[in-house]
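Count the sequence shown with our numbering and you get residues 7 to 479, in order. Glycine is no exception: its CB is placed at the ideal position from the N, C-alpha and C atoms. All of these numbers come straight from a predicted model, not from anything done at the bench. Below you'll find the structure, written out as C-alpha cells, and then a few comments.
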Amino acid sequence: MENMKREVSIKEKLIFASADFFGGGGQTIVAIIYLIFLTNVIGINPAWAGTVVMISKLWDAISDPLMGVISDNTRSKFGRRKPYIFAGGIILIISMGLLWYPVAFGTQVGLVIYVTVTYLLYSTVSTMISVPYSSLSTELSTRYEETNRVNLLRLVFSLISTAICTIVPVEIFGMLSRGQISLTTFYILIVVGFGLFFSIPLLLTGIFTKERVSYGDEKSHFSFAQFVKPLKVKSFRRLLGLYLCQSTNLDILSAIALYYALYVIKGMDETIFMASFLVVQLLMLPILNLMVNKVSKTKLYRFGLPISIVCAVYIGLFPSDGNVDLIYMATALMAMGFAGAQTMSWIIFPDVVDIAQLGLGERISGSLSGVMTFVRKAASAIAIFIIGQVLSITGFIKPTDEVPIPVQSESTVLGLRLILIFAWLLIMGVAFLLARQFKITPEVSKKVKYLLAKETLTEEDEKEKQEIIDEFV
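Shown next as C-alpha cells:
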C-alpha cells in the first residue's frame, strides 16, 4: 500500500513521457509522408496506395483490442504493460527498415503485396507498444493531480516529437523530391535516425517505470462481449466520440498537407505550414496545464474549435496565387483553436478509466485503450482510403524524374480543397456539439478516486457512488 501511494519521481516522469516520442512521432511520419512516399517514390497508383493504408490500418485497429486484453491479462514480475513496451522498442527499427525500403518490383501487384505486408508488420509492432503504453499512463499514479501532470508531460513530449517528426521528414522529403539528397540518404535518415529516437525511450520506460495501480488476479478471455464491455460505459462512449473526431481530422490534415503545399497553393512552404500548426500547439500547452485541474476538460476541448473551423475553411478556399503569409497566419490561429481538442482526449482518458472501474467493478484500462485506438484507426483507414480514391478519380499526375512536381488538374486541386473543408467543418463541428454534452469536472474525478481508494464505503459514499454511476456509467 505504501508503494502505491508513493509519488512519481521527476526522473520516472521524464522517462515515461519521453516514450511518447513514438506515440506522437511514429504515427506522424507515417501519416505525413507515407501515402505520398507510396505514390511519388514507390510509384503505386493512388487508389491502390489508399487501399494498402486502409488494409493495414484496419488490421491495426483489430489488433488493438486484442492487445488490450492480452496486456490486461499479463501477470509478470515486470508488470502488465512494461514487457510489451520494452520488446516493441527492440524490434521497432527492424519493422521501420522494411516499411521504408524503396522496393522496386516490376509490377504493381508485387509492389502492393510488399508494402501491404511490411505495413502490417509495422502496425503490429506499433500496437504492441501503443496500447500498453496508453494503459500505463493511467497506472503510474493513483492521484488525480499526479495523473494529470504525468499525462500532460507525456503530451508535451508527444507534441515535441510530432513537431520534429513533421517538420524534419517534410523537409527531408522535399529535398528528395527536388533531387538534393539520394534515396539512400533519405532511407538512412528516416529508419536509423528516427528509429533510435523512438526506440531508446521505449527501452528505458520498460526498465525504469513502475505500475502503481492494483489489479485483481482474475483473468478475462477475448470475446465479442469483452470487446464491447467498454462501450457499456456512457462516459467512455462520449470520450470515444471526441477522440474519433479529433484524431480522424488530424489524420486527414496530415495525409493531405504535403499534397496541398506542393499542388494547391503556389509558393507555399510545406515546412513553414506544418511548423505554424505545431509550434502554436506547443505554446498552448502551458495555458492548458494551468487550467486542467480547475476547469472541465471538455470545456478546454471545445473552447477554440469555432475559430479553428473558420480558419480551416478559409485555407480551403484560399486562392492558389494568394499571399502565402496569410495562410501561415490562418494556420497558426487554426492550431490555437485546435490545441484543446488535440490534447484533452488522452487527459480525459484516466478519469474515464476510473469511472469505468467504479461502475464495472474491474480495471480494464487495456481494453478501454484498445477500443479507443481501434475506433480511431478504423476511421483513419477509411479516411485515407477515400483520399487515395479521390486523388485517383480526379486524375492525379505521378511525378517523374523529368517533372518532379507536376501541375495537377483543376479537379485534383478541387478534391484536395474539399477534403480539407469537409474534415474541419463537419467533423470538428460534430466534436464541438459532443463536447457540450459531456460534463466531467475535476470534482467528479477526484470523488471517483476517493471512492476507489476507500476499502469500506459509508452510506453517504454509497449514495455518491450511485449518483456518479447513474450520470456517467
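Just how far apart, CA to CA, sit residue i and residue j?
{"i": "ARG160", "j": "PHE283", "result": "19 Å"}
{"i": "PHE163", "j": "ALA25", "result": "8 Å"}
{"i": "GLY201", "j": "ILE96", "result": "10 Å"}
{"i": "ILE196", "j": "ILE293", "result": "33 Å"}
{"i": "ALA267", "j": "VAL75", "result": "41 Å"}
{"i": "ILE119", "j": "PRO52", "result": "15 Å"}
{"i": "ILE353", "j": "SER140", "result": "11 Å"}
{"i": "THR406", "j": "PRO412", "result": "8 Å"}
{"i": "SER398", "j": "PHE204", "result": "34 Å"}
{"i": "LEU44", "j": "LEU104", "result": "14 Å"}
{"i": "LEU288", "j": "SER167", "result": "11 Å"}
{"i": "GLU477", "j": "GLU449", "result": "14 Å"}
{"i": "ASN46", "j": "SER314", "result": "31 Å"}
{"i": "SER326", "j": "VAL479", "result": "50 Å"}
{"i": "GLY247", "j": "ARG184", "result": "41 Å"}
{"i": "GLY30", "j": "ALA37", "result": "11 Å"}
{"i": "LEU463", "j": "LYS19", "result": "32 Å"}
{"i": "LEU296", "j": "PHE309", "result": "15 Å"}
{"i": "GLY367", "j": "LEU291", "result": "34 Å"}
{"i": "PHE444", "j": "GLY116", "result": "48 Å"}
{"i": "ARG155", "j": "THR144", "result": "11 Å"}
Near residue i, which residues of its chain fall below 6 Å by C-beta distance, leaving aside the five closest residues on each side in sequence?
{"i": "VAL123", "result": "none"}
{"i": "LEU142", "result": "ARG87"}
{"i": "ASP70", "result": "THR133, VAL137, GLY376, THR379 and PHE380"}
{"i": "ILE258", "result": "ALA389 and ALA429"}
{"i": "VAL109", "result": "TYR120"}
{"i": "LEU2", "result": "Outside the shown range of the chain (7 to 479) lies residue 2, about which nothing can therefore be said."}
{"i": "GLY421", "result": "VAL396 and THR400"}
Residues in the same chain with beta-carbon distance under 8 Å from residue i, minus the five sequence neighbours each way, listed in chain order, please.
{"i": "LEU323", "result": "ARG423 and ILE427"}
{"i": "LYS452", "result": "TYR150"}
{"i": "LYS11", "result": "With a pLDDT of only 48 at LYS11, under the threshold of 50, the placement of this residue in the model should not be trusted, and no figure is reported."}
{"i": "GLU470", "result": "LYS453 and LEU457"}
{"i": "ILE5", "result": "The structure shown does not extend to residue 5, since the chain is modelled only from 7 through 479, so no value can be given for it."}
{"i": "TYR334", "result": "ILE278, PHE279 and SER282"}
{"i": "PRO312", "result": "GLY343 and PHE438"}
What would DSSP say about residue i, mapped onto helix, strand or coil?
{"i": "GLY367", "result": "coil"}
{"i": "GLU408", "result": "coil"}
{"i": "THR400", "result": "coil"}
{"i": "GLY376", "result": "helix"}
{"i": "GLN414", "result": "coil"}
{"i": "ASP327", "result": "coil"}
{"i": "ARG218", "result": "coil"}
{"i": "THR144", "result": "coil"}
{"i": "GLN395", "result": "helix"}
{"i": "VAL162", "result": "helix"}
{"i": "MET7", "result": "Unreliable placement is indicated for MET7, whose pLDDT of 35 sits below 50; the coordinate value is still reported in the next sentence. In the structure shown, MET7 sits in coil (DSSP, three-state: anything other than H, G, I, E or B)."}
{"i": "VAL109", "result": "coil"}
{"i": "LEU463", "result": "coil"}
{"i": "THR447", "result": "coil"}
{"i": "ASN157", "result": "helix"}
{"i": "GLN348", "result": "helix"}
{"i": "GLU18", "result": "helix"}
For residue i, which residues of its own chain have a beta-carbon under 7 Å away from its beta-carbon, when the five flanking residues on both sides are left out?
{"i": "GLU8", "result": "Interpretation of GLU8 is limited by its pLDDT of 37, a score under 50 that renders its predicted location unreliable; the figure taken from the coordinates is listed afterwards. Once the five neighbours on either side are set aside, GLU8 has no close Cβ partner at all."}
{"i": "ASP467", "result": "LEU457 and LYS460"}
{"i": "MET181", "result": "ILE187"}
{"i": "GLN252", "result": "ALA347, GLN348, SER351 and ALA437"}
Cα-Cα, which of the options is closest to residue i?
{"i": "ILE446", "options": "GLY32, TYR128 and VAL358", "result": "VAL358"}
{"i": "GLU276", "options": "LYS469, GLU465, LEU439 and VAL330", "result": "VAL330"}
{"i": "SER15", "options": "THR400, ARG218 and VAL198", "result": "ARG218"}
{"i": "MET350", "options": "THR304, ALA387 and SER129", "result": "THR304"}
{"i": "SER373", "options": "VAL239, GLU477 and ILE194", "result": "VAL239"}
{"i": "LYS216", "options": "VAL121, MET342, THR190 and ILE21", "result": "ILE21"}
{"i": "ALA169", "options": "ILE206, GLY85 and GLY32", "result": "GLY32"}
{"i": "ILE271", "options": "LYS235, TYR320 and GLY310", "result": "TYR320"}
{"i": "VAL396", "options": "LYS455, LEU246, TYR265 and ASN157", "result": "TYR265"}
{"i": "ILE129", "options": "ILE61, GLY56 and GLY212", "result": "The amino acid occupying residue 129 in the given sequence is Ser; Ile does not appear at that position. Nearest C-alpha to SER129: ILE61."}
{"i": "THR80", "options": "ILE393, ILE370 and ILE178", "result": "ILE370"}
{"i": "THR153", "options": "ALA23, ARG184, SER183 and PHE444", "result": "ALA23"}
{"i": "ARG382", "options": "ILE68, GLU13 and ILE39", "result": "ILE68"}
{"i": "LEU256", "options": "PHE344, GLU177 and LEU332", "result": "PHE344"}
{"i": "PHE214", "options": "LYS17, GLU465 and ILE403", "result": "LYS17"}
{"i": "LEU364", "options": "GLY199, ILE474 and VAL174", "result": "ILE474"}
{"i": "ALA263", "options": "VAL156, VAL301, LEU439 and GLU177", "result": "GLU177"}
{"i": "THR337", "options": "CYS317, GLY421 and VAL409", "result": "CYS317"}
{"i": "PHE391", "options": "TRP54, ILE42 and ILE35", "result": "TRP54"}
{"i": "LEU127", "options": "VAL59, GLN472 and GLU13", "result": "VAL59"}
{"i": "LYS63", "options": "SER101, ALA384 and VAL409", "result": "ALA384"}
{"i": "MET434", "options": "TYR249, MET290 and THR400", "result": "TYR249"}
{"i": "SER386", "options": "LYS404, VAL131, LEU41 and PHE84", "result": "LEU41"}
Step through the CB atoms of chain D and report whether any lies within less than 8 Å of the CB of residue i.
{"i": "PRO207", "result": "Note that chain D does not occur in the displayed structure, where there is just one protein chain."}
Alpha helix (DSSP H) runs wholly inside the region 233-320, at least 4 long, in chain order: 240-269, 276-297 and 303-308
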